[in-house]
Amino acid sequence: MKTSISRLITFILLLTCTAQVTYGSDTLLLNFTKYDPETSAGFNFVTAQDYLTFSYKVRYADSTRFAAKEYEDSHWHTDQTWKVKNEDGRNTYWYRFKLKAGPEYVNYPFVMIMDGEGALEVYIDGALQSTMGKIPPDHLQAEAEYVYLSEYPVILSFKDTGTYQVAIRYKSNIESGNDGDSWFAIRTTDVSSYLSEVKSEGIFTSIAVVGIGTVFLSLFLVHLLFFLFYRKDKANLLFAIFTLSISIVMIACYVYIYAESLQYDDFFSITINIVPIISCFTLCTFISYIFSKNKTRDIRILVIAYALALIFAVFDYLSIFDLSAVLIWIVLVGTMIYTIFMIIKSMISRLPGSFILGSGVLYFLLFLFILLIIVLIKGNFTFNTTVSYLTLTAIFSIPLSISAYLAWRFSTTSMSLSEQIKNVEQLSLEKQNLLESQNERLEQQVAKRTQELKEEKQKSEELLLNILPHEVAEELKEKGSSKAQYYDEVSVIFTDFVNFTAHSEKLGAEAMLQELNECFTAFDLIMEKHGLEKIKTIGDAYLAVSGLPILSPHHAEKTILAALDILNFVRERKLHHPHSLDIRIGIHSGPLIAGIVGVKKFAYDIWGDTVNTAARMEQNSIPGRINISQETYRLVQDTFTFEPRGKINVKGKGELEMYFVIQAKND
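Below, the structure is given as structure tokens:
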């Protein structure tokens, strides 16, 4: 089966191959570069191959006698080329030439690689060295087994210098051979060089084929979901089909690269003939859908043009006629011209989003153009690490730029819709106000006054709750008074900023007031998070308690967690505000009394030795640490890790055991 890829490969080989020149009649001097670890280090993937150009004898006939070293072949036809042809693919051909090995290649293993398709046997001095596929008996094509010859390298090593007779028996997989289809080529290389080449090709295939295919398949799934959720926008569907077609091509290339037999030729042939046309069609249709002023007309023209191209591709696959090689180049060049024209036109017209989309597409096309120019001028091209990275960026520039454009388009549409909704709501409100009668206005005023009273009442209640705990505030509203209560065990936390007076003089009153406000606001949120009750602030000190008015068995644990959050907040703030204050924290657990003090400007407060001891814990702490008493340690010793400080003399208290909190044990 003729495939477009085989014709394209032939064209590329004609451009990029470099031949090893030999001398003499039908004697080939063995000559190849030996492996050098230093020059072969790293990743180097070369598009060109050094095929042997040599004189050889050829005959259409099939006999095992042709393999013998002593066989007289002077009456055979002589030819000289790097591309050994099989003029009639229906028949088996024999090729003979001599290979001369110099002393430097004695007992030095090397690899002889055949590039092409079909079945082939290699003989050296009459001995069979390698069989590639299976050559069928005459007129029994069903028994043939055709393979990719390059997948079966022949490893050779000559024990002595001299001339060796090479005989090759070859049967093409092409039924009726023609120039460019039925052929094979030979190259020789060092074994280590061949292994390095296979390794580099494997890396290149993994990155370029598997990686790119995976990325494009992921993009297909993402944009297909976008389309399914919002089907009015066909751009996501077109781009999804484009990325799917690219991923299918990558899968086909992967199968083609690693296939040893020709059983996947049909799959690869139909894929490489048809899918690229779909890719080009969806790309052009996407560009037209986005930027064309008369998109309906342009899309109809594109549908007709690419439908014809698809029909021609199917006819070529069915071997009705042979136009696919020319057709693919026409489709590719036409797609490039149309895409470049539409993008540049849109960028000149400054259409929204044209620069986002155009930058990636133009970068890819420019890179491809430069690459083709280099190949045409130099005759070959080497993919080193840097060029490989540039190639990947060029390949991904199209999907990335299109994805970025679609994301920008979606966000722009969303913002526009939001603005329109706001305008509609505003117009509806104005219309409603105009249609309302005087009675309705009066009712609105009454309702407004009622609402204002409710809001003022709510503000009063919120203010009361801001001053008092919820339970105490409810008691005060219901009974008009609140009794002080005794609590057996709670935890009190004291915080104090270090060197507050000195910082106040340095920063000024206004800046220091702002610093305190921001810090205490954060402390309030932390207290609310852990269920602590804020009591009051005294200058730069902050007092809170856990375990009242609602009793809590975990009051000590909650208090330490709140203290750790305060330290984290202060540390984080100092990273962004170098003039922020350091803080000391002290915690003590024990009994106390809580209640309302006074009649005017009353406040909820706490009293007892527990409060005083918590203050002493804070005074005997150090900046950035949490100092707790023996009583608090007893309640949380299994929950946190600590640094014992031993007994420390405390004013009015004597010696007290103290501990620094390190962290929660589960951290």
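Everything in the sequence shown is counted per the numbering used here, starting at 84 for the first residue and increasing by one. Cβ atoms here follow ideal geometry from the backbone N, Cα and C, with glycine treated the same way.
Let me check understanding here. Comparing Cα to Cα, which of R179, G707, I331, M333 lies closest to R252? R179
If you count every other CB in all the chains shown that lies within 10 Å of the CB of P435, and 16 or more means buried, which is it? exposed
Counting C-beta neighbours from all protein chains within 10 Å, is the total for W266 16 or more, i.e. buried, or is it exposed? buried
Endpoints, beta strand (DSSP E) assigned at T161: 160-164
N600 - DSSP class collapsed to helix/strand/coil: helix
In the DSSP assignment, the beta strand (DSSP E) including K183 goes from what residue to what residue? 175-184
Run through DSSP, which three-state label would L434 get? coil
Which whole-angstrom value describes the C-beta separation of I437 and S429, a residue pair presumed to lie in contact below a C-beta threshold of 8 Å? Reading off the sequence, residue 437 comes out as Ser, not Ile. Sure, about 4 Å apart at Cβ, within 8 Å.
Name, in chain order, the residues that DSSP records as bridge partners for P727. Y742
E280 versus E519, S233, D162, G296, residue with shortest Cα-Cα distance: S233
Inter-stretch contact (C-beta, 8 Å, three-pair minimum) for the region 693-700 and the region 667-675: yes
Quick check on K734: does DSSP put it in helix, strand or coil? coil
What three-state label does DSSP hand N674 in the structure shown? It is worth fixing the name first, because residue 674 is Pro in this sequence and not Asn. Strand, per DSSP.
One question on the structure: do D243 and V189 come within less than 9 Å of each other, judged by their Cβ atoms? yes
Report all residues from its chain with a CB closer than 8 Å to the CB of Q163; omit the five preceding and five following residues, and keep chain order. T136, F137, S138, Y139
Determine the extent of the alpha helix (DSSP H) in which Y277 is found, giving its start and end residues. 274-288
Between the alpha carbons of L239 and V298, how many angstroms are there, rounded? 42 Å
Would you mind working out which of Y176, I745, V386, Y134 sits nearest S146, comparing C-alpha positions? Y176
Taking C-alpha atoms, which residue in E598, T693, A639 lies nearest to R656? E598
Is the region 271-285 touching the region 303-315, taking contact as three or more C-beta pairs under 8 Å? no
What first and last residue would you give for the beta strand (DSSP E) that runs through K201? A small fix is needed here, since residue 201 is Gly in this sequence, not Lys. Element bounds for G201: 193-207.
Are the Cβ atoms of L664 and F606 separated by less than 9 Å? no
Using DSSP's beta-bridge definition, name the partner residues of K619. L626
Thinking C-beta only, is A318 closer than 9 Å to Y372? yes
Backbone CA spacing between I439 and I481 [nearest angstrom]: 11 Å
State the Cα-Cα distance for the pair T271 and T495, rounded to the nearest angstrom. 60 Å
Is the separation between the beta-carbon of L615 and that of K641 shorter than 9 Å? yes
Take V292 and list the residues in its own chain whose beta-carbon comes closer than 8 Å to its own, dropping the five residues that flank it on each side. M333, C336, Y337, I340
Cβ distance (whole Å) where D579 is taken to contact E701 below 8 Å: 5 Å
Close beta carbons around M610, own chain, < 8 Å, minus the five adjacent residues each side: E616, K617, A627, A645
Whose CA, out of F149, I478, S213, D316, lies closest to the CA of M195? S213
Nearest to Y231 by CA position, among F241, K217, Q224, A225, is which residue? K217
Assuming L111 and K166 make a contact with CB atoms under 8 Å, what is their CB distance in whole Å? Contact flag wrong, Cβ pair sits at about 15 Å.
On the criterion of 16 or more Cβ atoms from any shown chain inside 10 Å, does E200 qualify as buried, or is it exposed? buried
Suppose you measure from the CA of V719 to the CA of G707; what does that come to, to the nearest Å? 20 Å
Could you tell me the distance, in whole angstroms, from the CA atom of N256 to the CA atom of R380? 46 Å
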